[in-house]
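Asker:
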Amino acid sequence: MSIAVYPGSFDPVTNGHLDIIRRAAELFDQVVIGVLNNSAKTPLFSVEERVNILEKATRDISGVKVMSFSGLSVDFAKQCEANAIVRGLRAVTDFEYELQMAQTNRILATNVDTVFLTTSLEFAYLSSTTVKEVAKFDGDISQFVPAFVAEAIHAKMKTAE
Ligand code: PNS
Numbered sequence: 038m039s040i041a042v043y044p045g046s047f048d049p050v051t052n053g054h055l056d057i058i059r060r061a062a063e064l065f066d067q068v069v070i071g072v073l074n075n076s077a078k079t080p081l082f083s084v085e086e087r088v089n090i091l092e093k094a095t096r097d098i099s100g101v102k103v104m105s106f107s108g109l110s111v112d113f114a115k116q117c118e119a120n121a122i123v124r125g126l127r128a129v130t131d132f133e134y135e136l137q138m139a140q141t142n143r144i145l146a147t148n149v150d151t152v153f154l155t156t157s158l159e160f161a162y163l164s165s166t167t168v169k170e171v172a173k174f175d176g177d178i179s180q181f182v183p184a185f186v187a188e189a190i191h192a193k194m195k196t197a198e
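The opening residue of the sequence shown carries number 38 in the numbering used here; numbering runs sequentially from there.
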């Protein structure tokens, strides 16, 4: 059975992430989405909220599981018995960071390879940071995230005011 993990912050999940998840689910028998619980960052959504959002957003995709994790992605991959880490590559600007991370991960765990999926062109501009920026100024984020995620973002931003 081929198992891959797809680690990330997913704060919040975007249509670009969902595109990568759908395509990864075609390539692997199981894709475990790993939501990083990073105490060094102050995310918009708690790790539990991000897991719940991802579960709802991916419930129509078979072979996908959502979990949170702390620590190294390679350790999460080992815990899931995965031999691949999936990451999306949007543009050259992503490449340097992703290459460095993939090479470090390969040294840390020689049996875990990173598989890059190039983001579909329609999502090449999209990032969680952009979505939050647009939402902060009450812009229309309906093309960037599923409708229920857009609602959750607006609601969360209202309570933070
Ligand atoms: O969605 P993001 O923020 O681009 O995801 C980054 C993530 C979570 C994949 C990366 O920061 C990560 O793997 N963090 C866990 C610690 C780790 O394994 N770092 C890589 C070794 S350099």
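Here a beta-carbon is modelled for each residue, glycine too, at the ideal position from N, C-alpha and C.
As the structure is a computational prediction, the values presented were derived from the model and not from experiment.
For Ser105, write down the residues that DSSP places opposite it in a beta bridge.
Answerer: Here the question's residue 105 lines up with position 68 in the sequence shown. Val72, per the DSSP bridge assignment.
Asker: Looking at Asn142 and ligand 2, is the gap between the Cβ and the nearest heavy atom below 7 Å?
Answerer: Among the ligands modelled here, namely ligand 1, ligand 2 does not occur.
Asker: Against chain C, does Ala139 count as a neighbour if the rule is that its beta carbon must be under 8 Å from one of theirs?
Answerer: No chain C is part of this structure, which consists of one protein chain only.
Asker: Could you check the C-alpha separation between Ile144 and Pro44 for me, to the nearest Å?
Answerer: Position 107 of the sequence shown, counted from the start, is the residue given in the question as residue 144. Position 7 of the sequence shown, counted from the start, is the residue given in the question as residue 44. About 18 Å.
Asker: Between Asp175 and the rest of its own chain, which residues show a CB-CB distance below 7 Å, the 5 nearest in sequence each way excluded?
Answerer: Here residue 175 refers to the residue found at position 138 of the sequence shown. Excluding residues within five positions, none has a Cβ falling inside 7 Å.
Asker: Using only CA atoms, which one of Gln137, Phe106 and Thr166 lies nearest to His54?
Answerer: Numbered from 1 along the sequence shown, position 17 holds the residue referred to as residue 54. Of the candidates Gln137, Phe106 and Thr166, the one whose C-alpha sits nearest the C-alpha of His54 is Thr166.
Asker: Could you give the distance in angstroms between the alpha-carbon of Phe113 and the alpha-carbon of Val42?
Answerer: The sequence position of residue 113 within the sequence shown is 76, counting from 1. The sequence position of residue 42 within the sequence shown is 5, counting from 1. Near 8 Å, if we compare the C-alpha coordinates of Val42 and Phe113.
Asker: Among residues of its own chain, excluding the 5 on either side of Asp66, which ones have a beta-carbon nearer than 7 Å to its beta-carbon?
Answerer: Taking the sequence shown and counting its residues from 1, one reaches residue 66 at position 29. Counting only Cβ-Cβ distances below 7 Å, and skipping sequence neighbours, we find Met38, Ser39, Ile40 and Gly100.
Asker: On a Cα-Cα basis, can you pick out the residue from Asn75, Ala172, Ser164 and Glu159 that is closest to Lys193?
Answerer: One-based indexing of the sequence shown puts residue 193 at position 156. For the residues Asn75, Ala172, Ser164 and Glu159, the minimum Cα distance to Lys193 belongs to Ala172.
Asker: Quick check on Tyr134: does DSSP put it in helix, strand or coil?
Answerer: Position 97 of the sequence shown, counting from 1, holds the residue named residue 134. Residue state, collapsed to three classes: helix.
Asker: Under 7 Å Cβ to Cβ from Ala139, same chain only, skipping five residues before and after it: list those, please.
Answerer: Position 102 of the sequence shown, counted from the start, is the residue given in the question as residue 139. Thr151.
Asker: I need the boundaries of the alpha helix (DSSP H) containing Asp56, first residue and last residue.
Answerer: Start at 1 with the first residue of the sequence shown, and residue 56 comes out as number 19. That run of the alpha helix (DSSP H) goes Asn52 to Leu64.
Asker: Residues in its own chain within less than 7 Å of Ala187 by CB, not counting five upstream and five downstream?
Answerer: Translated into positions along the sequence shown, residue 187 becomes position 150. Excluding residues within five positions, the ones whose Cβ falls inside 7 Å are Ile178 and Ser179.
Asker: Would Val182 and Pro80 be called neighbours here (beta carbons separated by less than 8 Å)?
Answerer: The residue given as residue 182 occupies position 145 in the sequence shown. The residue given as residue 80 occupies position 43 in the sequence shown. Not in contact: Val182 and Pro80 (Cβ atoms no closer than 8 Å).
Asker: If you compare alpha carbons, which of Ala77, Val123, Val168 and Ile190 is closest to Ala61?
Answerer: By one-based count along the sequence shown, residue 61 stands at place 24. Answer by Cα proximity: Val123.
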